[in-house]
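**Student:** Line order of the protein sequences matches chains E and A.
So for the first sequence, my numbering puts the first residue at 1373; every next one is plus one.
So for the second sequence, my numbering puts the first residue at 1373; every next one is plus one.
Please read through the structure below; I'll follow up with questions.
Protein chains: 2
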Amino acid sequence: MNSENTSIQKLIKYFNNYFPLSNEEQGEIQRLFTERRVKRRQFILQQGDVCRHFTFVVSGCFKMYAVDKSGKEHNIQFAAENDWITELSSFYSEKPSQLYIEAVESSLVLQIKHPDLLHLYTNHHKFDHNFRVIIEQKFIELQNRVLQHISLTGEESYLLFLELFPNLSKRLPNTEIASYLGITPEFLSKIRKGLIHRR
Amino acid sequence: MNSENTSIQKLIKYFNNYFPLSNEEQGEIQRLFTERRVKRRQFILQQGDVCRHFTFVVSGCFKMYAVDKSGKEHNIQFAAENDWITELSSFYSEKPSQLYIEAVESSLVLQIKHPDLLHLYTNHHKFDHNFRVIIEQKFIELQNRVLQHISLTGEESYLLFLELFPNLSKRLPNTEIASYLGITPEFLSKIRKGLIHRR
DNA sequence: AAATACACTTAAACTAGTTTAAGATTAGCG
DNA sequence: CGCTAATCTTAAACTAGTTTAAGTGTATTT
């Protein structure tokens, strides 16, 4: 069994957790998703390009971020194994994206193109349903993030990040975590020092 | 034609903008959505309760907010005419909500209950599709909010709010806007003073 | 094995935004 | 109409987080 096959198996298993797929639907997935290897620091979306793919992460890890006028990066989302990453706004509007998506580790992904996903939606009811659920989950995650950001201090946000994403917190450099939390790496360093001294 | 009928007409018109509804589907909407009047300061969701309805705002305006340990309110979302408001996380999990939804103006809404929405999803393909699109739009709105919050100063956020929601910015008290922007009313007042003096 | 880029820390000066408290203005209600 | 409660403003003292800059440690590439 080659690498592409095992990737697809992983994706099918993922979908089956929501709503078991028929053989035909599994065939469609195999036909419409394409495997791709992405090296560390390689982009799957750059500012100004249209986001053409909906991406499932088989292994590795990605960050999605914006760059402000002063050139600073601001991480919005990470995605590791069994998660999805896409710039929805650009993907559906087919307008140039404001954001970047970059591999923070060498990764393996499965991608579907916009027209092919529309084909799935139109011809296989279940995917309209499945992707609604996926996006609802992403929405809830994002809403929690807004809440945190609005009401927590830097230290509280960091502690919550450690609790919510213990896995990511070990894999990612602190600079990336600081950027996600909306603080400077220097301040994160200060927070970490404070936490160690207090226990 | 009574008030309930015109409300339903407004909702049907709303859906028809996405994807024209059949007579049967229109009938289902009429059957499953319930009209409700909500007075200013009345809650349609309180912390600790399960969010049982997906709510369409026919007229008026709502805020959704969290209350932190120190008792301060933090607005996450507003919804006025032709918009939806629901605490998705509680609605789908059927677990108690962390958030409040309160009318900031006397309002008229149409509500559908969780099992009835599932009925629509299961028996009328189109609604799985329509609600996917609605939630995608909400997601994009929220993502922009995260971006803003992470990279803009208080003044920049306020200017963007005025630009994005000229309508809301006239209707809502500044305290509510400050709470949405994540700043104190006092600081918003300072910002406004600065803006006036500089032009 | 050296070279170089990247990640993490420290610290001092600084600034955006908070807190507290008081007074001024506006809006809803009986 | 007049009263009360909510909203908005001002200002001074304060604090959480930034900026700049320098130094240390650790991976990757050659």
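Here a beta-carbon is modelled for each residue, glycine too, at the ideal position from N, C-alpha and C.
Consult DSSP for E:Lys1435 and reduce its assignment to one of helix, strand or coil.
**Tutor:** It is a strand residue.
**Student:** Beta-carbon separation of E:Leu1536 and E:Gln1520 under 7 angstroms?
**Tutor:** no
**Student:** Taking contact to mean 3 or more Cβ pairs, one atom from each stretch, closer than 8 angstroms, check whether the region 1429-1436 of chain A and the region 1444-1459 of chain A are in contact.
**Tutor:** These segments touch.
**Student:** Along chain A, in chain order, which residues have C-beta atoms closer than 9 angstroms to that of E:Ser1529?
**Tutor:** Going along chain A, no residue has its Cβ under 9 angstroms from E:Ser1529, so there is no contact; the nearest lies around 12 angstroms.
**Student:** Closer than 7 angstroms, CB to CB, is A:Glu1508 near chain E or not?
**Tutor:** Contact of A:Glu1508 with chain E is assigned, a C-beta pair being separated by under 7 angstroms.
**Student:** For A:Cys1423, which residues from the same chain have a beta carbon less than 7 angstroms from its beta carbon, with the 5 sequence-adjacent residues on both sides left out?
**Tutor:** Leu1417, Thr1458, Glu1459, Ser1462, Phe1463 and Ser1469
**Student:** Please list, in chain order, the residues of the region 1550-1561 of chain E that have any C-beta partner in chain A closer than 7 angstroms.
**Tutor:** Gly1554
**Student:** A:Gly1554: which of A:Arg1570, A:Lys1565 and A:Ser1529 sits nearest, CA to CA?
**Tutor:** Selected option, being the one with the closest Cα: A:Ser1529.
**Student:** Which chain E residues sit within Cβ distance under 8 angstroms of A:Gln1515?
**Tutor:** Result: Ile1448, Leu1460, Ser1461 and Leu1514.
**Student:** According to the neighbour-count rule (16 or more other Cβ atoms, all chains shown, within 10 Å of its Cβ), is A:Asp1500 buried or exposed?
**Tutor:** buried
**Student:** Just the chain A side, please: which residues come within less than 7 angstroms of E:Tyr1472 by C-beta, in chain order?
**Tutor:** In chain order: nothing, as chain A lies at least about 12 angstroms away.
**Student:** Going by DSSP in three states, E:Glu1445 sits in which element: helix, strand or coil?
**Tutor:** strand
**Student:** Kindly indicate which residue of A:Glu1527, A:Lys1444 and A:His1491 has the alpha-carbon position closest to the one of A:Leu1471.
**Tutor:** A:Lys1444
**Student:** According to DSSP, is A:Arg1409 helix, strand or coil?
**Tutor:** strand
**Student:** Would you say A:Ala1475 lies against chain E (beta-carbon separation less than 7 angstroms)?
**Tutor:** No, A:Ala1475 does not count as interfacial toward chain E.
**Student:** From what residue to what residue does the alpha helix (DSSP H) around A:Glu1548 run?
**Tutor:** Asn1546 to Leu1553
**Student:** Is the shortest distance between the beta-carbon of A:Arg1424 and the beta-carbons of chain E less than 7 angstroms?
**Tutor:** no
**Student:** To the nearest angstrom, how far is it from the Cα of A:Asn1495 to the Cα of E:Trp1456?
**Tutor:** 28 angstroms
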